[in-house]
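Keeping their order, the protein sequence lines are chains A and B. Start counting the first sequence at 1; every next residue gets the next number (UniProt numbering). Start counting the second sequence at 1; every next residue gets the next number (UniProt numbering). C-beta atoms are modelled at their ideal positions from N, C-alpha and C, and glycine is treated no differently. As the structure is a prediction and not an experimental result, all values here were calculated from the model. So the structure is just underneath, and the comments pick up after that.
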Amino acid sequence: MGSLAYREDPEEEKNSEFTWEVQANNRSYNNQFKEKVFLCWQRKKYKRNVIHTAKYNVFSFLPLNLYEQFHRMSNLYFLLIIILQGIPEISTLPWFTLFAPLVGLLTIRATRDLVDDIGRHRSDRNINNRPCQILMGKSFLWRKWKNLCVGDVVCLHKDSIVPADLVLLASTEPSSLCYVETADIDGETNLKFRQAPTITHHELTSIRKMASFQGKVVCEEPNSRMHHFVGCLEWKGKKYPLDSGNILLRGCKIRNTDTCYGLVIYAGFDTKIMKNCGKIHLKRTKIDHLMNRLVVLIFLSMVVISAVLTLGFRYKVREFKAKHHYVSAQHVRSEATQTFFIFWGFLVLLSVMVPMAMFILAEFIHLGNSIFINWDERMYYEPQDLPAKARSTSLNDLLGQVEYIFSDKTGTLTQNVMTFKKCCINGVIYGSEEEDTLLKEDPYLWNKFADGKLHFRNAELLQAVRANQDRRVREFWRVLAICHTVMVQEKNNQLLYQAASPDEEALVTAARNFGYVFLARTQNSITVMELGEERVYQVLAMMDFNSVRKRMSVLVRNPEGSIYLYTKGADTVIYERLQKKGLMERTTEEALASFAEQTLRTLCVACKEVDEDMYEEWRQRHQEASILLQNRAHALHQVYEEMEQNLQLLGATAIEDRLQDGVLDTIKCLKQGNIKVWVLTGDKQETAVNIGFACQLLSENMIILEEKEIVRILEVYWESNNSLQGGKKGHLKKQLPLQVKMALVINGEFLDQLLLSLRKEPRALVQNVSLDEEEPWQEPGEERADFLQARRLSLMWRVLGIQLWNTGLAPQDKGYKALESAEVRRERAFVELASRCQAVICCRVTPKQKALIVALVKKYQDVVTLAIGDGANDVSMIKTADIGVGLAGQEGMQAVQNSDYVLAQFCFLRRLLLVHGRWSYMRVCKFLRYFIYKTLASMMVQIWFAFYSGFTAQPLYEGWFLALFNLLYTTLPVLYIGLFEQDVSAERSLELPELYMAGQKDELFNYWVFLQAIAHGTATSLVNFFMTLWISRDSAGPVSFSDYQSFAVIVALSGLLSITMEIILITKYWTVLSVLAIFFSLGFYGVMTWLTQSIWLFKVSPKTFPFLYADLSVLSQPPILLVILLNVSLNTLPVLAFRIIYQALQKPGPKEEEEKTTSEEIITVEPIPHVLREARTRRSSYAFSHREGYADLITQGTILRRSPGVNSDMLVDHTRPPDELPSSMEDSSWYPRKMSFLGRNRRQHQGKVSSEDVQPASEEKLPKRQERSLSYEPWPYTPESLPPTKETPLSAEESQMTSSESQMLPSSQLSLKSQSAHLQEKTSLWKIRKLSWKNWPYTWQKEPGPPKEGTVPVSNSNLTALMETPPPTARGSSTSEQPVEVEPSPVERQPSPMEWLPGPSKGQTPPDLAGLPPSPEEQQ
Amino acid sequence: MAMNYNTKDEVDGGPPCAPGGTAKNRRPDNTAFKQQRLPAWQPILTAGTVLPTFFIIGLIFIPIGIGIFVTSNNIREIEIDYTGTDPASPCNKCLSPNVTPCICTINFTLEQSFEGNVFMYYGLSNFYQNHRRYVKSRDDSQLNGDPSALLNPSKECEPYRRNEDKPIAPCGAIANSMFNDTLDLFLVGNESDPTPIPLKKKGIAWWTDKNVKFRNPPGADIPLEERFKGTTKPVNWVKPVYMLDPDEDNSGFINEDFIVWMRTAALPTFRKLYRLIERKNDLHPTLPAGRYYLNITYNYPVHSFDGRKRMILSTISWMGGKNPFLGIAYIAIGSISFLLGVVLLVINHKYRNSSNTADITI
């Protein structure tokens, strides 16, 4: 890795130069380029298309693997000890004592590595041997991918995978377009198109011409920027520009294109996708790290103890040499030399205390737990025949500690299947009928064009459609069949629709099944089969989607000659443009609301007939606008706007973006387990938020913070942080009321501004992420602007930081913090903020940003992160996170191949984490704790013995006991614990997700537990040694039992039995296996002792087996048995009693907590004030959910000068022009929810929330402005507290308005006073009013007129009451924090939805509500 | 909580439901083992359940302790230090290395008669028989009678491996430093005619040591001296190993004094069995109360390292020699156990309601 990182920087610089030359059909030319590798070594500059991801080959396996293994400190240490041990002067232990375990360890590891690598070899071979057609000489021949060289021309067919990065030369499609699916690269399943340069399109029309093609491509050096390419084609003396629109990347799939031809420019590891894949990186678990640290700790203490004991020897050796005549002859060397040797001798002797077998066993346990994951039938997904798979076998315990889940959306949370669920035509709602009707025969059989896959069944609707009586029904389906940008294709007499978004496809398919079949389109016509009658519509204009317009219209001339405008779009947009708003519109709106409640994606359908004159006039303006050179988009936009007026509503559709099975339960369960789920998606914000609601990540009672609020909160945080000199972490806590549920919704641009410092981080943090400065996802112009903006902001922050620092405001107490750059501080603040939120949704993020987000959290929070995704765009995130989970979905295998765990469904994550993860963690922790205990309990006697053996490093135990102790005598039970132990059953684990929190808090194994284990082990060893010592010292017996061998046997057996007793006590899950394990391990002791102490082995080598019949002779004496019994009971009983007493005393603790939480829950189960629901506008996400369709392509023919991406993104909300009003409106729709926390400052009980959801939310349509004005009240404004930042002018103005507002509304202020006082201290710093300020002017303007004094207060007081919809008792409970019986939300009190329609109208409170006490204050 | 996969797996431990015919089905086997649903017993240790154990252990241990304590107290034991560091001691003269051979006599009185078999020990203090170099310095092959090892002892024996180009038998520091005081016990019946107490030399070593571990070099009919031919005696020894005892069954490597010495002590203060005084008949005590004297042939130097030499006479019981500590320990543990039982009883009583919930701590 080091070398890689080192090479990176020059490479970054280098690849902006155009030094990469590739000549077509000229391998020798391309081969002449060499590149310096090392000194004078050179190699070909252009790599072949072979990839090797495997680490070893046959010859390099052994040396490399051993080399790698001895990179591990522990192995190296043991090797050193074994070498030391070979020196006779030092050798305190027999050779086999340490050798046997080490060999075992190495073998097991090597075997595992070998198996892994064989798998990699296999997959490499598969990929390298994929077939492709290469132009060889004059024809295309089938070759393998590995034969491909730079400069080759390849021929690709439909559905084949692009083998290398190619320049598209030509295709069989018109204009040499080529459609690709980039699912394996960025996870998007919709089609993109690439186009060949015009010159090659015109020239290379035959294979012969291709064979003689001699063009030269000059471009950048290979780099990892997936969506960026600049180069030029030199041919026949002319230069033609190439950009990313001409490039087919390795890993793409060719779609809808018969054949295409490309020139290889980057091959093998030079391709962009490979450049984006890092080296195989071994992930380590938290416990692993801790384990290593502890082992180092143990080792260091060994050194210290050895040194101390050596000091003892130093003192003793003089005496031995001078006085003890019986040994003085052996002390011939100088005292210093001997002391030196004895130090090493002690080190060898005590090395048995370093738990070496722990590593072997940990491997086994990890492996075993992984296999259990693979074996789990409940994580087997039948439809795909796919069991769960643990690809990494060393991360299991980490699964039990996950705190953050970063999830992809598409394909992970959702199935990415859009289904037509419901529709509302002419005010009548048609839903799908009951399931059992599905079994009946297909009702669409009458329609020969039906695809038979529509699950939507509604006989009534079908009847209405077939009757063809109702004009609106007819028009409704006509709109769906005509107004879209779907491409059609005929294949095997079946129509195949290819749409820019799955939503659109779902709608067109639904229309098709209902008899309105979209058959074909040309540049200016659409052919539709309407109930068997073929009609051709002339397309006059196509007004495509974009996120600003949120609608799409088609202007057609029908066969009868009249002109119609067909529009579909977001309900808000359509309703603004309706001609009239009658009963039908209201019922439709009701229907929309109910659709939205069910988290369906809604869309309104409308049409209008256009006069010929009007069209003629409009056409001219349209013409003018479409040829404008500047500001064309804007001009067109306005022209469209003119046309799309006075529409007639036809109905609404509801599409379900289907969540995967069990996603809801899983997320709920995970949240209960204190796991934070972040959704990172490349999708648009609206779609992502919609899904957030659908899977209950977001709920109505959350405050959703967006970019601007976040920026301000962070600023406030940062400043207060500085000015308070605190610099304390967790300062945010004070600012943000804890009870308030918050969620963050951020997008890619914002992250870019935020993640500046992280980008500079060394590569180690972000695995395999390209650190290029550009935005792959966005298009060049925009991205530059973004980047500059980000730079500017960061610069500003830095300047500010320096200023503050200079004036001494920077935190003084924590020096390091002051040194942190402003960026780092901002990042820290952001992570802190984000970690306080219930949910975080990041939209429009690139694969790299996904990884950066993960890295960001990893950097500032010491937590375990898990990333789950299914596409190649998730790969970097999966690799960066501590645990990567790949879903084996439809989006290719990239994610799976880079993941640590493979699941088939998102919902299995719950079982993986809560059951397997928790078990693994618990097992590993128990294992570690016990292992350390057992090692110390048995081995520390060596230290005590040293005091009695004149510090001569005499081992107490027999060598064989030492060697086999960890391998055989104590292995099985501890292995049982590590593999099979269950504290609670799987079912209970799932029922009580709270149990999972122990892992997050590192409760089961940490330094404290380690200390406990050490203390316990020390105590046991002390008891065993000293009890035996006191009993046998200087005592008499029939035969001496104070001899060395008897002593060793007693202590050893006491130790063994004590630790076996301990494991008997800690095993919570007794099965046959555990009994067998204990039986066998004790059996092994018996057998092996008998064997090593037998006469045969003694005869073979008396020196190796000196304890001849020691156990037999010793254990045949009853007093010795009594001694052992004494030792064991003394070790066991007090510990057992202590535990039980501790447990019994502990128990009341959690119980109290429980009570607390339940009481809290009682408070929180107050009904949600429905007023604040703002579901309707939000949910209509279809219109913004995807990028522009193919309208350009369709209307302008196929001649595209620019790649479509550029076109579309020009209009996307990224570059929000300041004069664009609608964009701010888009924001405004979010604000009301932010206010909702006012109504409840307690957490809402989950179950309650869901039950509330079902109730008709109808009072939610309160005038937004009023809410907003109310919401400002709790924070009395003090202009002084505002930071003098760039926002100053605005905030000053705002301050005036707010204060004037508060004066204007005395009663509302009164009514909220108690609350505001209550919240004030917590929220005084939280300037949400400021944050949401931006909407103010907008809504203000939209009001018919500024509210006059006198009228507003009255209405406001009523509204206050309305806003506090929960009955007074419930509200009282929320403030007084007393458990009060909760009344269900009063449904009957809710106003009819008719009453408020249309739009915000103040003062229209329902009569029964008006009768409520005017001010809630009186209730208290 | 509706898990979509819950329903189909209700049959615990049942055979895999997939018919064997479906090829390439990757569904994991639904066996109890693979699904981690082995029938199990999950004991919950609570104050209530463990309580009886403590009482039972208390009830068992206290009587055992009392039994041991009483037995231990009934054991007669006398210990006589004959190191001679005290100038008044008769053996004081032997501290100077000039007096050879040095015989000293120590008088003592048995207040109570010693019944049954009496064991005679010698005890050494501050003698590091567990010194690492010392422990290693032996050749078990040689001691086991291996002829090749006899003439070519292990390197471990250095520097007591060869003497004047002859291999030392037995080699090594342990053998070289063998305890060589001779202790004789006399009962002073009347003033003039002290009765020597018969001391039995055999039966003081482990049976396995005497019969398995230690063997003389092979050759049944050949005299012992011949079998040790080509070897020399350890440096410190006066006589060669085959002359340790006139009885050939107790001479050479299988001399029991030698075997006992070769079984190194665990601690620097130790006792080693020296002789047995067997009970003659039931009527007379083995050692009647009265005045005795101990005749010591003082050879073994311990003064240099501040060692002590003791002679111990002790009767023996089923549990060995006098050992009050074991009994006290048992009584103590029994009492502690009982006490803990009471504490648990209190706890159980106090928190009875909470103890029925499953605990999940380790």
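- Annotation: the continuous beta strand (DSSP E) that includes residue 239/A extends over 238 to 243.
- Cβ neighbours of residue 535/A within its own chain (closer than 6 Å, five residues either side excluded): 528 and 559.
- Inclusion of residue 283/A and residue 222/A in the CB contact set at 8 Å is not warranted, their separation being larger than that value.
- Looking at 1047/A, 902/A, 927/A and 936/A, the one whose alpha-carbon comes closest to that of residue 381/A is 902/A.
- Among the CB atoms of chain A, one or more fall inside 8 Å of the CB of residue 344/B.
- For residue 52/B, the nearest beta carbon of chain A is not closer than 8 Å to its own beta carbon.
- At least 8 Å separates the CB of residue 997/A from every CB of chain B.
- If you ignore the 5 residues before and after residue 211/B, its C-beta comes within less than 6 Å of no other C-beta in its own chain.
- Within the segment 49 to 137 of chain B, the runs of alpha helix (DSSP H) at least 4 residues long that lie entirely inside it are, in chain order, 132 to 136.
- If you look at residue 131/A, you'll find it isn't in any alpha helix (DSSP H); it sits in the beta strand (DSSP E) that goes 131 to 136.
- Counting C-beta pairs closer than 8 Å gives fewer than three between the segment 78 to 95 of chain A and the segment 137 to 147 of chain A, which falls short of the contact rule.
- Burial of residue 101/A is indicated by the presence of at least 16 other C-beta atoms within 10 angstroms of its C-beta.
- A Cβ-Cβ separation of about 5 Å places residue 962/A in contact with residue 97/A under the 8 Å criterion.
- Taking the C-beta atoms as reference points, residue 110/B is found nearer than 8 Å to residue 78/B.
- The CB of residue 323/B comes closer than 7 Å to the CB of 1031 and 1035 in chain A, given here in chain order.
- Residue 208/B has a beta carbon lying within less than 8 Å of a beta carbon in chain A.
- The CB of residue 25/B comes closer than 8 Å to the CB of 385 in chain A, given here in chain order.
- Between residue 165/A and residue 266/A, the CB-CB gap stays under 8 Å.
- Under a criterion of Cβ atoms nearer than 9 Å, the residues of chain A adjacent to residue 212/B are, in order, 1095, 1098, 1108 and 1109.
- Shown here, residue 940/A sits in coil according to DSSP, grouped into three states, outside any helix or strand.
- Annotation: the segment 1068 to 1134 of chain A contains the following complete segments of the alpha helix (DSSP H) (minimum length 4 residues), in chain order: 1072 to 1092, 1095 to 1100 and 1110 to 1115.
- Per DSSP, residue 560/A lies in no beta strand (DSSP E) and is assigned neither H nor E.
- DSSP places residue 227/B in the helix class (H, G or I) of the three-state scheme.
- Distance from the CA of residue 493/A to the CA of residue 451/A, rounded to the nearest whole angstrom, comes to 11 Å.
- The secondary-structure analysis by DSSP pairs residue 193/A across a beta bridge with 179/A.
- For the segment 925 to 1006 of chain A, there is no continuous beta strand (DSSP E) assignment of 3+ residues that stays within its boundaries.
- At a cut-off of 8 Å between C-beta atoms, residue 877/A does not count as an interface residue with respect to chain B.
- Unbroken alpha helix (DSSP H) stretches of 4 residues or longer found wholly inside the segment 334 to 421 of chain A: 335 to 350 and 357 to 375, given in chain order.
- Comparing alpha carbon positions, the residue from 325/B, 56/B and 350/B closest to residue 1031/A is 325/B.
- Proximity of residue 445/A to chain B, defined by a Cβ-Cβ separation below 8 Å, is not satisfied.
- Proximity of residue 320/B to chain A, defined by a Cβ-Cβ separation below 8 Å, is satisfied.
- In this structure, residue 278/B and residue 117/B form a Cβ contact; the two beta carbons are roughly 6 Å apart against a cut-off of 8 Å.
- The Cβ neighbour count for residue 227/B, taken over all protein chains shown within 10 Å, is at least 16; the residue is labelled buried.
- Here DSSP, grouped into helix, strand and coil, assigns residue 1043/A to strand.
- Under DSSP, residue 295/B takes part in a beta bridge, and its partners are 105/B and 184/B.
- Following the DSSP letters along the chain, one finds residue 349/B inside the alpha helix (DSSP H) bounded by residues 324 to 350.
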